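Enquirer: The numbering of the sequence shown is our numbering, which starts it at 5 and goes up by one.
Sharing a structure, written as structure tokens. Questions coming.
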Amino acid sequence: MNQAATISAAVPADVKAEAAAVAAAHGMSLADLVRELVARVAAREAETLAWLDEARR
């Protein structure tokens, strides 16, 4: 069952700018990029989880 949800977070301007640049490079909006990332994490996609673990280090 899909439900609409609002997620809000304080995001530093430099992080938001970098995410927007990545989204634009892939021809998508920042909102679409966030939806895709959340969907991949929710699906426990191994490649995405490994990428997030590496980014934390």
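For glycine and all other residues, C-beta sits at the position ideal for the given N, C-alpha and C.
None of the values given here were measured: they were computed from a predicted structure.
1) Rounded to a whole number of angstroms, what is the C-alpha to C-alpha distance between residue 53 and residue 45?
2) Determine whether the beta carbon atoms of residue 37 and residue 47 lie at a separation below 8 Å.
3) With C-beta atoms as the reference, is residue 43 less than 8 Å away from residue 34?
4) In whole angstroms, give me the CA-to-CA distance for residue 29 and residue 49.
Expert: Concretely, from the data shown:
1) 7 Å
2) No, the Cβ-Cβ distance between residue 37 and residue 47 is not below 8 Å.
3) no
4) 22 Å
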